[in-house]
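K.L.:
Next up is a structure, given as structure tokens.
Right under this line is the structure:
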């Protein structure tokens, strides 16, 4: 892609998110979300492959449906209450409609069906943008409206955590596994949103760091399915030794960074008297942990079959910058000791 066009598209992505962050009026927030969607579409379709074009079309249709629902709900709210302010969503009908529209935007279950299919059709770099940056603007709106329907949020959160764990069990494609991982993590964030928005933001930040590391590892190994992972030991043995730790951090095992947000969320849910919800969420994390362990096993403990089609990746030098990967991997593995400081910040 022409670097000037790429720069304009990335600027559009940044500007759309910033407009949504800064807006207090529903029309402006909607405009920011639309800019975001329109800026990423050329990035998604840049390879002109039928799978990429199909993924782009699915993405465009779901995002357009969500944006239309959001606009309809905000107009309904203005009609019922005379308010266009984001913080002034008092009526339960527009509040619920906006919550569901934003859930469709970020891919929360049961409105998640588009996410694995879209991510599977993209290259890993665009997939990383879709899994991280594209979640920011809708999340900012969900945090601002503080949905009044608490039961809806708990249902969305639990369903996403369970579907994210269950859906990834039988997958062999890495991008689909990462999509289900994204759905499960978003479920955890939505569960605790109404009780502690600061823990939600912490979870979002740690999810971004861990997902960034995982995508960069797969990109370095040029891997899109589980079998290809087995060839990585010949190309980057040190990274192959560290990758199971990154994946287990995504699964939320101590003593890795990913354990911190899950621990704080379960603690907060128990404090609020939602022990059954916390138990179900913890059990859903076991489902996710199974497929992370499967990836770890394929990568670190198996040697690839010799008849892998395509190029022999270990003969090709990598052109990817490894400094961002080193920094994000260090953060993915080593930040758990900061938990007391983080807890003190969250409670102050």
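Numbering (the working numbering), first residue to last: 14 to 361. A virtual CB, placed ideally from N, CA and C, is assigned to each residue, including glycine. All of these numbers come straight from a predicted model, not from anything done at the bench.
Around the Cβ of residue 125, are there at least 16 other Cβ atoms within 10 angstroms (buried) or fewer (exposed)?
P.N.:
So residue 125 counts as buried.
K.L.:
Just grab the DSSP bridge partners of residue 238 for me.
P.N.:
In the DSSP output, where bridge partners are listed per residue, residue 238 has 186.
K.L.:
Tell me whether the segment 303 to 314 and the segment 196 to 209 touch, counting them as touching only if at least three CB pairs, one residue from each stretch, are closer than 8 Å.
P.N.:
With the cut-off at 8 Å, the segment 303 to 314 and the segment 196 to 209 do not touch.
K.L.:
Is the separation between the beta-carbon of residue 259 and that of residue 342 shorter than 8 Å?
P.N.:
The answer is yes: Cβ separation under 8 Å.
K.L.:
Which residue marks the beginning of the alpha helix (DSSP H) containing residue 348, and which one marks its end?
P.N.:
First-last for residue 348: undefined, no H or E at that position.
K.L.:
Beta-carbon separation of residue 38 and residue 97 under 8 Å?
P.N.:
It is a contact, given that the beta carbons lie within the stated cut-off.
K.L.:
Can you tell me whether residue 380 is buried or exposed? The criterion is at least 16 other CB atoms within 10 Å of its CB, across all chains shown.
P.N.:
Missing from the structure shown is residue 380; the chain here goes from 14 to 361 and no further.
K.L.:
For residue 66, which residues from the same chain have a beta carbon less than 7 Å from its beta carbon, with the 5 sequence-adjacent residues on both sides left out?
P.N.:
Cβ neighbours of residue 66 beyond the five flanking positions: 58.
K.L.:
According to DSSP, is residue 125 helix, strand or coil?
P.N.:
Here residue 125 sits in coil by DSSP.
K.L.:
Under DSSP, the alpha helix (DSSP H) around residue 73 begins and ends at which residues?
P.N.:
Where residue 73 is concerned, the enclosing alpha helix (DSSP H) stretches over 63 to 94.
K.L.:
Is residue 355 helix, strand or coil when you go by DSSP?
P.N.:
The answer is helix: DSSP assigns residue 355 an H, G or I state.
K.L.:
Mind reading off the beta-carbon distance from residue 132 to residue 188? Whole number of angstroms is fine, and I expect it under 8 Å.
P.N.:
Yes, they are in contact, since the Cβ atoms of residue 132 and residue 188 sit about 5 Å apart, within 8 Å.
K.L.:
Are residue 215 and residue 274 touching if we call contact CB-CB under 8 Å?
P.N.:
Result yes, Cβ atoms of residue 215 and residue 274 sit closer than 8 Å.
K.L.:
Taking three-plus beta-carbon pairs below 8 Å as touching, is the segment 160 to 177 in contact with the segment 115 to 125?
P.N.:
Cβ pair count under 8 Å is three or more, so yes.
K.L.:
How is the alpha helix (DSSP H) around residue 168 delimited, first residue to last?
P.N.:
Per DSSP, residue 168 belongs to the alpha helix (DSSP H) from 163 to 180.
K.L.:
Express the C-alpha separation of residue 272 and residue 220 in angstroms, rounding to a whole number.
P.N.:
Looking at the two C-alpha atoms, the distance is approximately 11 Å.
K.L.:
Within the same chain, show all residues whose beta-carbon is closer than 8 Å to that of residue 142, passing over the 5 residues directly before and after it, in chain order.
P.N.:
Within the same chain, residue 142 has close Cβ partners 26, 53 and 56.
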